[in-house]
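Numbering (our numbering), first residue to last: 570 to 943.
No residue lacks a Cβ here, since even glycine has one placed at the ideal position from N, Cα and C.
All figures in this text were calculated on a predicted structure; none of them were measured in a lab.
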């Protein structure tokens, strides 16, 4: 049945976040009272709306509302892309404390924020729902059409959804993000109970959406981290459908991460060696058909690690030549899954990996160096 509402398919592509911010700014300009009601006690007659508000160093804020020359609202809009925490920090430094800071995200794709963050998370559906009741006919009609567009444009995901189905979607990147968000929603309660932080992540490219689970270790400045993502290279994942794309399937790297490290020079291969017995007892299906392809100092340290008795499959990850899902300094073992694995199966596998994360994080560090001393 054809909807009586106008179609926004070609106005609001999932891959074009600027168009979403442009149209939202237009709604606010046309009916400032709705945003004023959301903020509470703000005189909408004094509003000025700015798009791509300059912040310095080539950075901009998606949408800023000013009154009497001072910013009162700073909004970052998110559709498929991650929110940049460095940008949020820059806004916090430059904008007055009383300025309301908001991130607008799709309801099914929440944006994780630190517990102490001053930023508020609002869903597109909630913001548009308020505009849908506007006294301005055009604003109300556009907002209702926009909500309908969100309902129809986003790929669906449930336990029976296969990972490889991303190849059939209009936006494979959106399909990856929706799948990762579904997994996070299924596992969040269990992760919280086990002291594990879990979140969707787009990795270095912004396209290889997957998830990250992490827990601090007994070793200062180190975490045990699981990265789950599609094995296909980022530049081979099309942004839109209609392009031949055969997913290779997801893989999970279970790793020791040096938190905040800029280089791998000081990575504690000795602690990874200590963890090797826990890796071995956790499962026997770690990927081992080829060795890690490391370079430079990482290759030398890995050779020392194996010479000291470390298993050859326990060296995948990223160091000074990041080729994996993240810029983090992290090494460990990985598991690969078939492309047609269902999300319910992946959820069970990740649930089992949580116990491995907990066990690895609680292994005490050794005071006797072994790697590089043989």
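Residue i and residue j: beta carbons closer than 7 Å?
i	j	result
residue 771	residue 651	yes
residue 733	residue 807	no
residue 524	residue 769	For residue 524 there is no data in the structure shown, the boundaries of the chain being 570 and 943.
residue 581	residue 674	no
residue 822	residue 901	yes
residue 603	residue 703	yes
residue 740	residue 583	yes
residue 646	residue 631	yes
residue 697	residue 714	no
residue 671	residue 693	no
residue 828	residue 794	no
Quick one: using the 10 Å Cβ neighbour count with 16 as the cut-off for buried, is residue i buried or exposed?
i	result
residue 700	buried
residue 860	exposed
residue 737	exposed
residue 756	buried
residue 813	exposed
residue 781	buried
residue 876	exposed
residue 727	exposed
residue 787	exposed
Looking at the structure shown, is residue i part of a helix, part of a strand, or coil, going by DSSP?
i	result
residue 623	strand
residue 772	coil
residue 606	helix
residue 701	coil
residue 786	coil
residue 794	strand
residue 735	helix
residue 545	The chain is shown only over 570 to 943; residue 545 falls outside these bounds and no answer can be derived.
residue 691	strand
Between residue i and residue j, what straight-line distance do the alpha-carbon atoms span, to the nearest angstrom?
i	j	result
residue 747	residue 767	15 Å
residue 868	residue 882	13 Å
residue 661	residue 616	21 Å
residue 668	residue 636	11 Å
residue 907	residue 819	7 Å
residue 638	residue 619	12 Å
residue 927	residue 784	7 Å
residue 934	residue 923	20 Å
residue 589	residue 913	32 Å
residue 904	residue 856	5 Å
residue 853	residue 846	11 Å
residue 624	residue 665	13 Å
residue 688	residue 765	23 Å
TODO: Starting from the N-terminal side, write out each stretch of the beta strand (DSSP E) that is 3 residues or longer and does not extend beyond the stretch 824-895.
DONE: Here the runs fully enclosed are 885-887.
Open item on the list: Report the start-end ranges of each alpha helix (DSSP H) in the stretch 646-671 that is 4 residues or longer and not cut off at the edges.
Closed with: List check, alpha helix (DSSP H) in window: 654-663.
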